[in-house]
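For reference, the structure discussed in these notes is given below.
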Amino acid sequence: MNILVFVKQVPDTETRIQLKDGAVDTTNVKWVANPYDEFAIEEALRIRERLGQGKVTVVSLGPDRVKEAIKYALSLGADEGVHLKGDGVALWDPLAVATVLAAAARKLGFDLVFTGKQGVDHDWSQTGIILAEFLDLPHVSVVVGLELDPPAGRRQTGGGRRRGDRGVRAPRRDHRAKGTERAPLRFAQRNHGREEEGDPRVDPGGPGR
0 MNILVFVKQV
10 PDTETRIQLK
20 DGAVDTTNVK
30 WVANPYDEFA
40 IEEALRIRER
50 LGQGKVTVVS
60 LGPDRVKEAI
70 KYALSLGADE
80 GVHLKGDGVA
90 LWDPLAVATV
100 LAAAARKLGF
110 DLVFTGKQGV
120 DHDWSQTGII
130 LAEFLDLPHV
140 SVVVGLELDP
150 PAGRRQTGGG
160 RRRGDRGVRA
170 PRRDHRAKGT
180 ERAPLRFAQR
190 NHGREEEGDP
200 RVDPGGPGR
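Each residue of the sequence shown is one higher than the one before, counting from 0 in numbering that gives the first Met the number 0.
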């Protein structure tokens, strides 16, 4: 099984934000892998371990500094890292980011796709959803648990948790603590937890490989 995990590099949440000329000064910002994406990496590694085979590929879009996030993911156990050059891409725009990520996913190939449920910088929570639409994949957001046989994802809701698996396309309303939301699971956003126009330049060798 080829699992893609999209990882965004974000400012450390403990970074002291400073302004310069009316904009955020990133000179002294410490950049880290998005915490929610770390949970996505962890889940991908668990699936590989349960299956006893497969490959976890971590993909990150942005300038050269994102190589550090990829190296970090590799240190956690990912098999391969791919750096998508972010020159000229509006990294703050979920639609632009998802466009590039979708092109990369098609080129790399995949069986399962993970992102964190949101980036801790802009907090859009949109890129993963748009990416799933571009890839024509069923999407389950805010996932708190996954099952592979049969494919199913448990997600958090206001009244408890809901379970989604293969079969019915639309969720069935259930006000009990547990309910069901059924969909083929090929794309999931891990809750315990990322994110233009044109063809991305893919570096399959990846930094830190």
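Backbone N, C-alpha and C define an ideal beta-carbon position, used for all residues, glycine too.
Inter-residue spacing [alpha-carbon to alpha-carbon] between residue i and residue j
i      : j      : result
ARG171 : ASP24  : With a pLDDT of only 32 at ARG171, under the threshold of 50, the placement of this residue in the model should not be trusted, and no figure is reported.
LEU130 : GLY61  : 17 Å
LEU44  : GLY53  : 9 Å
VAL55  : VAL81  : 11 Å
ASP63  : LEU18  : 23 Å
ARG175 : MET0   : Confidence at ARG175 is low in this model, with a pLDDT of 30, below 50, so its placement is unreliable and the value that follows should be read with caution. C-alpha separation (whole angstroms): 35 Å.
VAL28  : ALA68  : 14 Å
TRP91  : PRO34  : 17 Å
GLU48  : ALA151 : 18 Å
ARG105 : GLN117 : 22 Å
PHE109 : GLY21  : 42 Å
PHE38  : ASP86  : 27 Å
Contacting residues, own chain, Cβ-Cβ under 6 Å from residue i (five flanking each side not counted)
i     : result
ILE40 : VAL4, ALA72 and LEU75
Minimum C-alpha distance to residue i - residue among the options
i      : options                           : result
VAL143 : ASP120, HIS121 and THR114         : THR114
GLN8   : ARG153, ILE128, ASP122 and VAL139 : ASP122
LEU111 : ILE46, THR14, TRP30 and ILE16     : ILE46
ASP36  : GLY51, VAL57 and LEU50            : VAL57
Reduced DSSP secondary structure (H/G/I, E/B, other) of residue i
i      : result
VAL99  : helix
ILE46  : helix
GLY21  : coil
ALA169 : With a pLDDT of 30 at ALA169, under the threshold of 50, the modelled position of that residue is not reliable, and no figure is offered here.
ILE2   : strand
Cut-off 7 Å between Cβ atoms - residues of its own chain near residue i, not counting five sequence neighbours on either side
i      : result
THR12  : VAL119
ILE128 : HIS138 and SER140
PRO93  : TRP123, GLN125, THR126, ILE129 and GLU194
Cβ-based burial, residue i [other Cβ within 10 Å; buried from 16]
i      : result
ALA135 : For the sequence presented, residue 135 should be read as Asp rather than Ala. Label assigned to ASP135: exposed.
GLU132 : exposed
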